[in-house]
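Throughout, the working numbering is defined as the position within the sequence shown, counted from one, plus 8.
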Amino acid sequence: MGDILFIVLLVVLGIMIFQNVKLFKRSKHVKEYVACSDAIFDDRDDKIEVIKAYIEKETDQEFRNKGRVLEIYADMMSGKDPSETLSVLDLKDTIYGNKDKFDAQKFEYNSDTYFWLILDLIKAHMINDKNTADGLVKAVDTYRDQIEQDLVVKLFYAIDDVFNGQGNMMFFRDLWNGNYPNGSTYDKRLIGFYKYIAVAILAYKSEELSEEMVQDVEGFTHMKAGKLVMNDLGIYDKYHKITDEDADEEPKAIEEVTEEASEETKEEVVEETSEEVKEEPKE
């Protein structure tokens with residue numbers, strides 16, 4: 009019995025060491041990736057060059073494609089056609105692990121990439137770039153069967169429907185209230201950002217907003233991602249209010265949030281989520 013227990017402990021220890029090594033290797037990739045997103049948030053003149061250099065240097069296909077998702081936004085931000093970058097974008101390595109099988113943990117690690125795809129999609133529609141919007145949808149469509157149960161993917165398609173005149177605004181209101189479609193999964197680290205996106209879409213469509221909703225829309229303008237989204241939607245100036253904290257606080261980038269608590273698992277959402285208290289995102 010003692011020998012069996014010893015062997016089990018060795019196996020568990022080996023798994024823990026393996027996972028820690030994987031996280032350490034991943035953190036080395038993430039540091040430069042975050043620098044690329046910051047180049048967009050800071051609207052640096054050389055943002056495209058920074059991202060291109062990162063993609064060329066990066067050897068991991070997962071992070072090369074994460075970089076391409078950023079480059080698409082940077083291209084549109086700079087008035088460039090992102091079709092070349094979009095043509096080589098393949099999300100396979102953001103969701104597949106060994107032996108080309110869906111890897112739920114890997115997909116969770118890459119939740120920020122799908123959030124960035126939402127930002128890409130919003131911007132493409134707002135600048136009337138139908139080719140890019142359609143290309144982004146096509147890129148996600150390729151793996152839709154494996155990932156469509158996730159809330160960030162549902163949000164992606166719901167936003168595309170809105171801009172195509174087929175949107176169900178109740179979906180965004182329900183999401184903000186914590187009433188998610190049954191069977192949905194979501195990354196707990198980013199659920200607050202999804203809710204901010206939902207209420208921003210409601211504000212953009214001039215839907216009736218509660219006082220708490222308005223506060224969230226205003227608060228979103230003080231976040232890095234929120235500033236991009238609200239400017240793209242053309243409602244930043246309407247909702248942005250200067251506060252005493254503006255000069256002191258620097259909100260975290262999306263990627264920094266998703267790398268924290270990386271051992272958290274996704275939740276299966278059931279009907280009881282209708283009573284869920286709204287979670288706040290990290291800033």
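Don't be surprised by glycine CBs; every beta carbon is placed ideally from N, CA and C.
- Under DSSP, Y104 takes part in a beta bridge, and its partners are F110.
- Within the segment 41–101, complete beta strand (DSSP E) segments of at least 3 residues are not found at all.
- Its chain contains A141, L144, F164, I167 and D168 as the residues whose beta carbon lies nearer than 7 angstroms to that of L129, once the 5 sequence neighbours on both sides are disregarded; these appear in chain order.
- Rounded to whole angstroms, the Cβ separation of L159 and Y188 is 6 angstroms, and the two are in contact under 8 angstroms.
- Measuring C-alpha to C-alpha distances from Q154 to each of A43, I56, Y104 and M178 identifies Y104 as the nearest.
- Here DSSP, grouped into helix, strand and coil, assigns D240 to helix.
- In this chain, the alpha helix (DSSP H) harbouring N139 covers K138 to D149.
- For D83, the closest alpha carbon among the candidates L94, K74 and N73 is that of L94.
- Nearest Cα to V77 within the set V42, K109, D50 and D53: V42.
- The beta carbons of D50 and K131 sit no closer together than 8 angstroms.
- The beta-carbon distance between I209 and V170, rounded to whole angstroms, is 6 angstroms. This is short enough to meet the 8 angstroms contact definition.
- Under the 10 Å beta carbon count, M178 is surrounded by fewer than 16 other beta carbons and is classified as exposed.
- Of the residues assessed, K109 falls on the exposed side of the cut-off, its CB having fewer than 16 other CB atoms within 10 angstroms.
- Taken atom to atom, the span from the alpha-carbon of Y62 to that of R152 is near 28 angstroms.
- Nearest C-alpha to D195 among R72, E70, L99 and A112: A112.
- Contact between A211 and I250 is ruled out by a C-beta separation of about 19 angstroms, above the 8 angstroms threshold.
- DSSP lists no beta-bridge partner residue for D245.
- Membership of Y202 in the alpha helix (DSSP H) is indicated by the continuous run I199 to Y212.
- T121 places its beta carbon less than 8 angstroms from that of T102.
- In this structure, M221 is the residue among L198, I199, G200 and M221 with its C-alpha nearest to the C-alpha of V207.
- Considering only K39, N106 and M85, the residue with the shortest C-alpha distance to K74 is K39.
- S218 is classed as exposed because its beta carbon has fewer than 16 other beta carbons within 10 Å across all chains shown.
- Residue burial annotation: R72 is buried, with at least 16 other C-beta atoms found within 10 angstroms of its C-beta.
- With a contact defined as Cβ atoms closer than 8 angstroms, F201 and F123 qualify at about 6 angstroms.
- Contact annotation: G191 and Q157 have beta-carbon atoms nearer than 8 angstroms.
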